[in-house]
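J.: One structure is given below, represented as structure tokens, and several questions about it will come after.
2 protein chains.
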Amino acid sequence: MLNLQSPLTRKLSAFVALSESDLATLSRFDRRSRTFQAGHELIHEGQTKASAFILSTGWACSYKMLPDGERQIVDIQIPGDFLGLRSVLFRTSDHTIEAITRIEASEVLAHDILDAFSHAPRLATAVLWAASRDEAMVVEHLVNLGRRTAEQRMAHFLLELGARLQLVGLGDQTGFDCPLTQYHLADTLGLSAVHVNRVLRKLREDGLVTFQKGRVVFDDFPRLRDIADFDTTYLDQDGPILR
Amino acid sequence: MLNLQSPLTRKLSAFVALSESDLATLSRFDRRSRTFQAGHELIHEGQTKASAFILSTGWACSYKMLPDGERQIVDIQIPGDFLGLRSVLFRTSDHTIEAITRIEASEVLAHDILDAFSHAPRLATAVLWAASRDEAMVVEHLVNLGRRTAEQRMAHFLLELGARLQLVGLGDQTGFDCPLTQYHLADTLGLSAVHVNRVLRKLREDGLVTFQKGRVVFDDFPRLRDIADFDTTYLDQDGPILR
DNA sequence: CGCTCGATTGAGCCCCTTCAAGGTGGGTGG
DNA sequence: CCACCCACCTTGAAGGGGCTCAATCGAGCG
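The listed protein sequences correspond, in order, to chains G and E. The letter at position 28 of the first sequence is residue 272 when you use the working numbering, and the numbering goes up by one with no holes. The letter at position 34 of the second sequence is residue 278 when you use the working numbering, and the numbering goes up by one with no holes.
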């Protein structure tokens, strides 16, 4: 029953009621647990035959580098998230995945995933569902960068992180612990680090949200949500169509 | 053998060698062919139980609207592309899909797709591969919006479109026909329509690319590619790992 | 022949960037 | 135990890329 406590089980259970055998299959994923130091690159851009991982503790991020040294972070990964699921299913990786903090992650081989797909369809559905949710998040980030101001982007991103962390029990309505630097935020939101600092100050002074000393506190959740046009639909928890 | 000519078959064949039975299954997808006028919305944001479609002729786009009336186009779809694949596999649609030109598209029911997945694994792999490629494109668009200048975004987008159209036989090294308005480009690239116009003029005056009267002409392909940092890896055609 | 959609161009402004210069705190080594 | 360092945060000043507002023009079309 230990698995009921793992972040992945917790997240998937929010989408699909998993059977005993599903849980058993899931527990096999947790065998090859490994630890990585902060800054370690788990998957490199251009790498072939990469493994996938399930993040159990700590934070990671996936990003692409540009030739001029600029970086665009595609997504931040928190406990319960898959790392490099696409990389293992399909060819070479088009992005890098790096540990932000010290992390523990279970290595998942292509073989494990394909096995699960043929023997545990319900679990496979849940996994595909999680992958689909990841894609929906990337799309929402695209909207963020394309059509929202710096302040809105920041608000939206912090709200999304908060919602995701709540789902795995790492935050609540009041806020969450956050190991990201302002440089991480800048590379995620397509801003300069300097401007990130100013935006955070503005949001704090306006009594909306405070991000200091590794802690995000929602000072006025409803107003923040309105400003950011934050709608949780794309993170949805109502489960897949296939039951 | 008519199917060998269809854009979808042509695209998937670039990834996986399809068997006769795969081709037969694929041909069943083309049964429920339908026609839609330009501007018609095939799938609405928030809609449940949507169908998927395979676009056979014409152009479409998927987008999200913001409360202030702004629009962010997520992707442009051309013949051979799936429309709303995620919408049918997983819950409510988080985006709208609209016909840009008059289009012909084959409706694909959830049932068809699941059947194909269990009975034609090779085809299923190809379909998953196509879906993965779509996601990689969204990620590249994210990088585009987050870290590139207006000029680079435009160059990158036109090069990507050109590469995709070549794959289905609708363009060559010299250029391609393009029904997009400058408003479409603006909503895709996160710019204003006015600025799109200026950027196009600049690229034309610099002898890089000309977009006029519905035709895109690459005047200096190598230089354009360098400016845009365009690397086709993420559109790759070498096929999936699973053979 | 008016109407509407799309393309084009000018003027002025502002959000965000770059450059620059401190601050602060935790870790490390002498 | 202190001195130094490095990573990160903070703030100011100045510039520019892209925006908004506004007007004109061409073309398809009912």
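From the three backbone atoms N, C-alpha and C, an ideal C-beta is built for every residue, glycine too.
Look at the Cβ atom of E/Ala-399, then the Cβ atom of E/Leu-479, and state whether they are nearer than 7 Å.
T.: No; because the gap between Cβ atoms is not below 7 Å, this pair is not in contact.
J.: Drop a sphere of 10 angstroms on the beta-carbon of E/Asp-266, count the other beta-carbons inside from all chains shown, and report buried for 16 or more, exposed for fewer.
T.: When all chains shown are included, E/Asp-266 counts as buried.
J.: List the residues of chain G that E/His-385 touches, going by C-beta distances under 8 Å, in chain order.
T.: Those within 8 Å of E/His-385 in chain G are Leu-386.
J.: Taking G/Gly-290 as the reference, which of G/Cys-422, G/Pro-323, G/Ser-376 and G/Thr-336 has the closest Cα?
T.: Among G/Cys-422, G/Pro-323, G/Ser-376 and G/Thr-336, the Cα nearest to that of G/Gly-290 belongs to G/Thr-336.
J.: Using a C-beta to C-beta distance shorter than 7 Å, which residues of chain G count as neighbours of E/Gln-316?
T.: By Cβ distance, chain G contributes Leu-386, Val-387, Gly-390 and Arg-391.
J.: Once the 5 residues before and after G/Leu-444 are set aside, which same chain residues still bring their CB inside 6 Å of it?
T.: Phe-455.
J.: So is G/Pro-323 buried or exposed if we call it buried at 16+ other beta carbons inside 10 Å?
T.: That one is buried.
J.: Quick one: what does DSSP say G/Lys-308 is sitting in, helix, strand or coil?
T.: If DSSP states are grouped into helix, strand and coil, G/Lys-308 belongs with the strands.
J.: Can you pull out the residues from the region 370-384 of chain G whose beta carbon lies closer than 9 Å to at least one beta carbon of chain E?
T.: Flagged, chain order: Leu-372, Trp-373, Ala-375, Ser-376, Arg-377, Asp-378, Glu-379, Ala-380, Val-382, Val-383 and Glu-384.
J.: Could you tell me whether the Cβ of G/Asp-473 comes closer than 7 Å to any Cβ of chain E?
T.: It does: the Cβ of G/Asp-473 has a partner Cβ on chain E nearer than 7 Å.
J.: Quick check on the burial criterion: 16 or more other C-beta atoms within 10 angstroms. Buried or exposed for G/Thr-393?
T.: The residue in question, G/Thr-393, is exposed, as its Cβ has fewer than 16 Cβ neighbours within 10 Å.
J.: Of the residues G/Leu-447, G/Met-381, G/Ile-344 and G/Lys-293, which one's Cα is nearest the Cα of G/Leu-424?
T.: The candidate whose alpha carbon is nearest that of G/Leu-424 is G/Ile-344.
J.: Any beta carbon of chain E sitting closer than 7 Å to that of G/Pro-423?
T.: False, the Cβ-Cβ gap to chain E never drops below 7 Å.
J.: Which chain E residues are close to G/Asp-338, counting only those with a beta carbon under 9 Å from its beta carbon?
T.: Chain E residues near G/Asp-338: Ala-380, Val-383, Glu-384, Thr-477, Tyr-478 and Asp-480.
J.: To which residues does DSSP link E/Thr-340 through a beta bridge?
T.: Paired residues: E/Tyr-307.
J.: Could you tell me the alpha carbon to alpha carbon distance between E/Gln-204 and E/Phe-474, rounded to whole angstroms?
T.: The requested residue 204 of chain E does not occur in the structure, where chain E is confined to residues 245 to 487.
J.: Go through its chain and collect everything with a Cβ distance to G/Ser-436's Cβ below 8 Å, but skip five positions before and after it.
T.: Once the five neighbours on either side are set aside, the close Cβ partners of G/Ser-436 are Ala-430.
J.: Which residue marks the beginning of the alpha helix (DSSP H) containing G/Gly-406, and which one marks its end?
T.: Taken as a continuous stretch (DSSP letters only), the alpha helix (DSSP H) holding G/Gly-406 covers 394-411.
J.: Return yes when the Cβ of G/Ala-364 is within less than 7 Å of the Cβ of G/Ile-341, no when it is not.
T.: It is not a contact, given that the beta carbons lie outside the stated cut-off.
J.: Taking the DSSP output, what are the residues bridged to G/Leu-327?
T.: Note: G/Leu-327 sits in a beta bridge opposite G/Phe-297.
J.: Determine, for G/Arg-276, whether the minimum Cβ-Cβ distance to residues of chain E falls below 7 Å.
T.: No - not a single Cβ of chain E is within 7 Å of the one on G/Arg-276.
J.: Consider the C-beta atom of G/Arg-469 and the heavy atoms of the ligand SAM; say whether any pair is separated by less than 6 Å.
T.: With respect to the ligand SAM, the structure offers nothing, as it holds no ligand at all.
J.: Given a threshold of 16 other Cβ atoms within 10 Å of its Cβ, counted over all protein chains shown, does E/Arg-487 qualify as buried or as exposed?
T.: Annotation note: pLDDT 48 at E/Arg-487 (below 50); position unreliable, coordinate value reported separately. Flag for E/Arg-487 reads exposed.
J.: Alpha carbon to alpha carbon, how far is G/Met-381 from G/Ile-317? Give it in angstroms, no decimals.
T.: One C-alpha to the other measures close to 13 Å.
J.: Count the other C-beta atoms from every protein chain shown that fall within 10 angstroms of the C-beta of G/Thr-432, then say buried if there are 16 or more, exposed otherwise.
T.: Counting Cβ neighbours within 10 Å, G/Thr-432 comes out buried, since at least 16 surround it.
J.: Any contact of the region 344-358 of chain G with the region 291-299 of chain G, i.e. 3+ C-beta pairs under 8 Å?
T.: A contact exists between the region 344-358 of chain G and the region 291-299 of chain G.
J.: Less than 7 Å between the C-beta atoms of E/Arg-391 and G/Leu-310, yes or no?
T.: For E/Arg-391 and G/Leu-310, yes; Cβs fall inside 7 Å.
J.: Under the three-state reduction of DSSP, which class applies to E/Arg-346: helix, strand or coil?
T.: Residue state, collapsed to three classes: coil.
J.: If you drop the 5 nearest sequence neighbours on each side, which residues of the same chain put their C-beta closer than 7 Å to that of G/Leu-367?
T.: If we look at G/Leu-367 and ignore the five residues flanking it on each side, its Cβ neighbours are Leu-262, Asp-266, Thr-269, Leu-270 and Ala-360.
J.: Is there at least one Cβ from chain E nearer than 7 Å to G/Lys-255's Cβ?
T.: No, G/Lys-255 lies away from the interface with chain E (no Cβ there is under 7 Å from its Cβ).
J.: Measuring only between beta-carbons, confirm whether G/Leu-411 sits less than 7 Å from chain E.
T.: With 7 Å as the cut-off, G/Leu-411 does not count as an interface residue toward chain E.
J.: Could you check what DSSP says for G/Ile-320 in three-state terms: helix, strand or coil?
T.: Of the three classes helix, strand and coil, the one that applies to G/Ile-320 here is strand, per DSSP.
J.: E/Val-371 by DSSP, collapsed to three states: which one?
T.: Note: E/Val-371 maps to helix in three-state DSSP.
J.: Write down every uninterrupted run of the beta strand (DSSP E) in the region 255-292 of chain E whose length is 3 residues or greater and which is fully enclosed by it, in chain order.
T.: Entirely contained in the region 255-292 of chain E, the beta strand (DSSP E) runs reaching 3 residues are, in chain order, 277-280 and 285-287.
J.: For E/Met-245, count neighbouring C-beta atoms within 10 Å of its own C-beta (all shown protein chains included) and say buried if the count is 16 or more, exposed if not.
T.: Here the model assigns E/Met-245 a pLDDT of 40, short of 50, so the residue's position is not dependable and the matter cannot be decided.
J.: Give a yes or no on whether the minimum CB-CB distance between E/Lys-308 and chain G is below 7 Å.
T.: Closer than 7 Å to some Cβ of chain G, the Cβ of E/Lys-308 qualifies, so yes.
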